[in-house]
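Shown next, in structure tokens, is the structure this report addresses.
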Amino acid sequence: MGWKIGICEDIKAQQRNLRRMLDEWAENRGCQADVRLYDHSSAFWFDWCERMDLDVLLLDIDLGEGQQNGMELAKKIREKDSRIVIVFVTAMTEYMNQGYDVQALHFLVKPVEKARLWEILDRACAAVSSDRQKECLLLTEGTGISLVPTDEIVYAEAFSHSVTLHLSGQNRDAGVQELEVRSLGMKELEERLPARDFFRCHRSYLIHLNHVNRLGECRVCMDDGSCLPVSRRREKELFRVFVDYYKERTGR
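Just so you know, the sequence shown maps onto residues 1 to 252 in my numbering.
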């Protein structure tokens, strides 16, 4: 299992210390950790808004003069993402009560003990794993409401006035199920699905990377037997994203 973990800390020595303990934790747990380092809030915000794929964020509150503090940054994050696990690592204990407002997992008070950090990282990743297993897409169609587990979506196909979800279902021997959705377009669907799992390979197709069976020239074959077109301008990016996704899930 792999994790994407950010460290937002303006003091280089403390940043390096957190990174060292985090790397030791990953080696001890036998997992991969893609660690991203940020010196200040603006650097984090710019990168995160582009990707929005971090699982855990270790966040200081005092991020230096002229920078937005960590608590305000956490509030902005929560406006966009309720999934990312936020752990404050700070000496500013007066902010501790505000942690509830941003659903922070924990406040680690500096100087941080390695054993304590490891314990919190275990909890954070367990929370992420639980969220990954239960993520669902809420759809309202007419007077009905449907909950579609995101891991069952093989791919989405756009038509002129609707999107069709092609689903794996609980029993693949029963055949692929299709669900027509008229309440949202492809762009909105893409925004509502977890970016780490889905890729827009073509104007009309959004695929779940975990259901990819084979990549070829300008096409992708899914594990339900469907072969879908890939835009030439997105072909190289799809190869890169799929390799990263595979490495993260398998640890290879």
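Beta carbons: idealized from backbone N, C-alpha and C, even for Gly.
Every value quoted in this text rests on a predicted model; they were computed, and no experiment measured them.
Rounded separation between residue i and residue j - CA only
i	j	result
residue 175	residue 5	Confidence at residue 175 is low in this model, with a pLDDT of 48, below 50, so the placement of that residue should be treated as unreliable; the coordinate-derived value is given next. Cα to Cα, residue 175 sits roughly 38 Å from residue 5.
residue 79	residue 130	21 Å
residue 240	residue 220	14 Å
residue 186	residue 17	43 Å
residue 244	residue 145	34 Å
residue 182	residue 158	10 Å
residue 103	residue 86	8 Å
residue 19	residue 32	13 Å
residue 207	residue 29	31 Å
residue 179	residue 139	11 Å
residue 70	residue 177	45 Å
residue 235	residue 115	44 Å
residue 173	residue 224	The predicted model places residue 173 with a pLDDT of 41, which falls under 50 and marks its position as unreliable; any figure quoted below should be read in that light. Using only the alpha carbons, I get a separation of about 10 Å.
Close Cβ partners of residue i (< 6 Å) along its chain, the five nearest in sequence each way excluded
i	result
residue 196	53
residue 149	136
residue 231	202
residue 44	8 and 38
residue 2	32 and 248
Beta-carbon proximity list for residue i, same chain, < 7 Å, skipping 5 on both sides
i	result
residue 192	137
residue 106	87 and 120
residue 81	52
Cβ neighbours of residue i in the same chain (closer than 8 Å, five flanking residues each side left out)
i	result
residue 15	7, 9, 37 and 39
residue 109	90, 91 and 93
Sheet register partners of residue i (DSSP bridge)
i	result
residue 219	216 and 229
residue 146	139
residue 180	164
residue 200	206
residue 38	8
residue 239	For residue 239, which the question treats as bridged, DSSP gives no partner whatsoever.
residue 2	32
residue 56	5 and 85
First and last residue of the uninterrupted alpha helix (DSSP H) at residue i
i	result
residue 77	70-80
residue 27	12-29
residue 189	186-192
residue 43	41-51
Extent of the continuous beta strand (DSSP E) to which residue i belongs
i	result
residue 110	From DSSP, residue 110 is part of no beta strand (DSSP E); its letter is neither H nor E.
residue 157	153-158
residue 84	That residue, residue 84, is in no beta strand (DSSP E); it is neither H nor E in DSSP.
Chain B contact for residue i (CB, 9 Å cutoff)
i	result
residue 103	In the displayed structure, chain B is absent; only one protein chain is listed.
Kindly confirm or deny that the segment 109-129 and the segment 21-37 touch, where touching means at least three C-beta pairs closer than 8 Å. yes
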